[in-house]
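Comments concern the structure below.
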Amino acid sequence: MRPQILFPLFADVSSLKGVGPKVLPLVQKLAGPLVRDVLFLTPSGLITRQPMTATNAIEGQIGIFEVLVDRLFIPGKPGAPIKVRATDDTGFVHMVWFGGSAQHIERLLPKGQKRLVAGKVERFNNEVQIAHPDVYTLEQAGEIAAVEPVYPATQGLSSRQIRKFVQGALEHATELPEWQDEAWLKKSRFPGWRTALERLHSPAGEPDLAPEAVARQRLAYDELFAHQLALARRRRIRQITPGPVIRPGEASERLLTALPFALTGAQERAIEEIRHDLASGEQMGRLLQGDVGSGKTAVAALALADAAASGFQAALMAPTEILARQHYQRLSPMLDAAGVSTVLLTGRDTPAERRARLAALASGEAQVAIGTHALFQDAVRFDRLALAVIDEQHRFGVNERQRLQAKGDPRTGGVHLLTMSATPIPRTLELTQYGELEVSRLTEKPPGRTPVTTAVLPLARIGEVAKRLKAALDAGAQAYWICPLVAESEASDLAAAEARAADLRRILQVEVGLAHGQMAGPEREAVMADFADGRIPLLVATTVVEVGVDVPNASIMVIEHADRFGLAQLHQLRGRVGRGTAASTCLLLYGGGDNGLGDTARERLETLRRTEDGFEIAEEDFRLRGGGDPLGLKQSGFPAYRFADPIRHRSLLLAAADDARLVLGRDPDLLSPRGEAVKVLEALFDWRNDRGGVD
Ligand code: ADP
Ligand code: MG
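If you count the sequence shown from 1, position 476 lands on 476 in the UniProt record's numbering, and the numbers rise without skipping.
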């Protein structure tokens with residue numbers, strides 16, 4: 001139930017004065033359907049207006065002129081600008097409109113009347129000109145703020161209109177009960193919620209709009225706190241769901257001996273953390289993060305064996321057929337040696353295979369299922385599923401994960417979830433995107449890796465690159481050649497990749513495979529499999545190179561137009577080489593022709609040359625990208641932050657995360673006075689039921 005105190009803010013935007021049928025869709029598109037959404041628009045800057053005269057006007061600045069209207073020029077031909085000439089004691093002020101109605105302009109500026117006109121000063125034939133000025137009568141002088149916030153205007157909706165709506169929305173906003181901790185509030189010198197909004201929308205100067213302004217910080221903190229509360233709640237729900245108790249047993253011991261290597265320290269720590277969760281009696285929700293090649297599979301395998309050792313079943317789900325098969329081929333012999341029977345379930349099993357495997361899972365005879373999307377289909381039944389491991393978790397939707405988890409036995413408790421990701425992300429991102437999960441990080445690579453030598457070259461040196469590539473391929477190496485998505489359309493990207501493959505085939509005289517995003521899945525996987533098995537020496541690909549596919553013999557990676565990729569993405573791509581014993585190379589080719597690289601672009605590529613630490617690269621990428629929606633929050637279901645900037649407000653984010661956990665830990669049902677206020681905050685930032693009405 002939404003607290004009554006919020007009803008005015010959750011009213012439809014059409015209830016704001018001036019929001020008629022014509023502008024309504026524009027406001028809805030810009031802000032959202034509710035009064036609150038308009039209130040939460042943030043100024044993108046401000047304008048300072050100075051009184052000026054025709055002689056002392058400063059070009060490029062916003063001036064206010066008191067003028068006498070002199071002449072209206074209505075153009076003879078349609079499309080030509082409408083002009084008005086006015087005078088003050090010192091000279092002429094010209095006004096110009098490109099489009100618009102002459103009658104309207106005439107009404108605004110009747111000949112012989114005094115008016116205040118404001119706008120950006122331009123010089124035309126050395127006389128002052130203002131395009132599309134704001135016009136006021138002398139009586140309206142009081143309404144003209146010297147400093148006015150500017151909102152991102154859209155087609156058909158001016159900043160000035162938006163400002164009016166925002167001011168209207170502010171009138172709907174009553175002071176709300178204080179949800180922040182009193183001591184924290186004092187220490188941070190935050191104003192109250194409503195005061196903070198008022199200051200946001202009536203800034204006295206630039207500093208009020210800076211992320212460091214206390215009013216801005218207060219609002220940012222509220223927003224971060226609301227988001228962290230939502231995540232902490234999900235986490236709590238999981239924690240109060242009982243989970244099957246899983247402990248390592250004989251099968252786990254045997255698997256450990258069957259592994260052809262000793263675990264790294266990072267792997268050992270991760271499995272310890274996972275085991276702690278699995279034995280806790282609560283449902284586990286853990287993200288295992290580690291670069292490509294950091295050895296996540298072995299950690300997952302131990303968890304699978306633990307489940308089997310405790311008499312349960314477990315599933316390992318991968319996003320593609322080739323990955324699922326690779327997992328199965330590697331793990332089943334070792335699991336077998338440990339006494340754990342494993343089946344593979346993909347979309348390409350024959351009906352007979354499928355029937356037999358489904359039966360083995362339903363009866364509990366098979367203890368581990370490895371597979372693709374085939375795993376969560378309705379026909380799949382488990383006897384005692386207790387653990388779901390999701391590889392490359394970002395490739396699955398929340399629903400798909402949940403469908404697999406729903407296959408557990410409610411009597412033994414919720415199915416434990418271990419998700420794995422090869423995309424190292426900064427801590428900040430971890431908190432905002434995976435705040436409901438515990439995180440384990442594999443920060444150390446297995447031994448025996450040869451570092452990848454990375455070079456940054458202009459595309460103009462492609463001939464030289466081809467020559468060296470030829471020599472390496474002749475000596476038995478395999479290579480990837482990545483053509484990025486550069487053109488406006490996928491079709492022309494594809495054409496570019498095809499042309500590149502043809503070039504390389506001709507120049508290098510070797511077989512060249514091509515994998516791209518428009519290929520049907522099975523066709524693409526067939527090419528990938530040919531490459532993985534060494535039948536093709538060179539693979540040209542758009543960015544579809546399957547994450548996680550292990551081709552140890554591939555030791556060269558060429559990336560064309562590397563400057564157009566995100567750092568994290570480049571790092572991912574590079575991770576495809578350096579997996580075997582041979583020395584590996586990654587060549588980052590930038591630009592077309594021999595144009596240079598900008599400073600940021602250079603800095604970015606330099607980062608890659610300097611380090612192979614995915615976490616460091618992720619932090620750097622995050623820092624360099626800044627602004628916008630770097631967290632991809634929109635995709636994850638939470639709207640991008642309105643007030644908070646997770647980079648600049650990083651310390652607020654950390655505090656909000658602690659605060660959220662603390663509040664829910666102490667007062668899970670939010671019954672205390674602060675709890676009641678916190679409920680109001682949660683409702684205020686609830687975007688789920690935003691289609692108007694009161695639920
Ligand atoms: P990813 O984290 O990308 O899934 P994998 O689990 O596929 O990485 O491991 C990459 C490679 O490293 C595999 O060939 C695997 O056998 C090997 N490996 C994993 N752990 C170790 C280790 N502790 N020592 C040596 N090699 C290891
Ligand atoms: Mg993997």
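Glycine included, every Cβ here is placed at the ideal spot set by N, Cα and C.
Where residue 481 sits in the DSSP three-state scheme: strand
Residue 124 - containing beta strand (DSSP E), residue span: 122-124
heavy atom of the ligand ADP below 7 Å from residue 451 C-beta: no
At least three beta-carbon pairs within less than 8 Å, the segment 283-290 to the segment 335-344: no
Where residue 237 sits in the DSSP three-state scheme: helix
Identity of the residue in 448, 512, 440 nearest residue 270 by Cα: 440
Cβ neighbours of residue 526 in the same chain (closer than 6 Å, five flanking residues each side left out): none
Buried/exposed call for residue 260, threshold 16 Cβ in 10 Å: exposed
3 or more residues per run - each beta strand (DSSP E) lying fully within the segment 52-113: 62-73, 82-88, 91-97
Span of the beta strand (DSSP E) around residue 286: 285-290
contact_flag[the segment 410-421, the segment 354-367] where n(CB pairs < 8 Å) is 3 or more: no
Burial state of residue 680, where buried means 16 or more other Cβ atoms lie within 10 Å: buried
Residue 219 beta carbon less than 8 Å from that of residue 197: yes
Stretch-stretch touch, CB-based, cutoff 8 Å, three pairs: the segment 40-51 with the segment 202-209: yes
Any non-hydrogen atom of the ligand MG within 7 Å of residue 264 CB: no
Environment of residue 268 [buried if 16+ CB atoms lie within 10 Å]: exposed
Whole-Å CB distance - residue 615 paired with residue 443, under 8 Å assumed: 7 Å
Best match in 621, 145, 142 for proximity to residue 428 [C-alpha to C-alpha]: 621
Residue environment, residue 312, which counts as buried when at least 16 other CB atoms sit within 10 Å: buried
Closer than 7 Å: residue 294 CB and nearest the ligand ADP heavy atom: yes
Local conformation of residue 420 per DSSP, three classes: strand
In DSSP terms, what residue 134 is bridged to: 118
Length of the line joining the Cα atoms of residue 690 and residue 560: With a pLDDT of 47 at residue 690, under the threshold of 50, the modelled position of this residue cannot be trusted; read the value that follows with caution. Their Cα atoms are separated by approximately 44 Å.
Status (buried if at least 16 other CB within 10 Å, exposed otherwise) for residue 664: buried
Supposed contact pair residue 660 and residue 225 - C-beta distance, whole angstroms, cut 8 Å: 6 Å
For residue 48: DSSP bridge partner residues: 147
Inter-stretch contact (C-beta, 8 Å, three-pair minimum) for the segment 17-29 and the segment 157-167: yes
Integer-rounded CB distance, given that residue 554 should sit under 8 Å from residue 535: 13 Å between Cβ atoms; not a contact.
Alpha carbon of residue 129 to alpha carbon of residue 111, nearest angstrom: 18 Å
Coil, strand or helix - residue 31 by DSSP: coil
Where the alpha helix (DSSP H) containing residue 675 begins and where it ends: 673-684
Status (buried if at least 16 other CB within 10 Å, exposed otherwise) for residue 146: exposed
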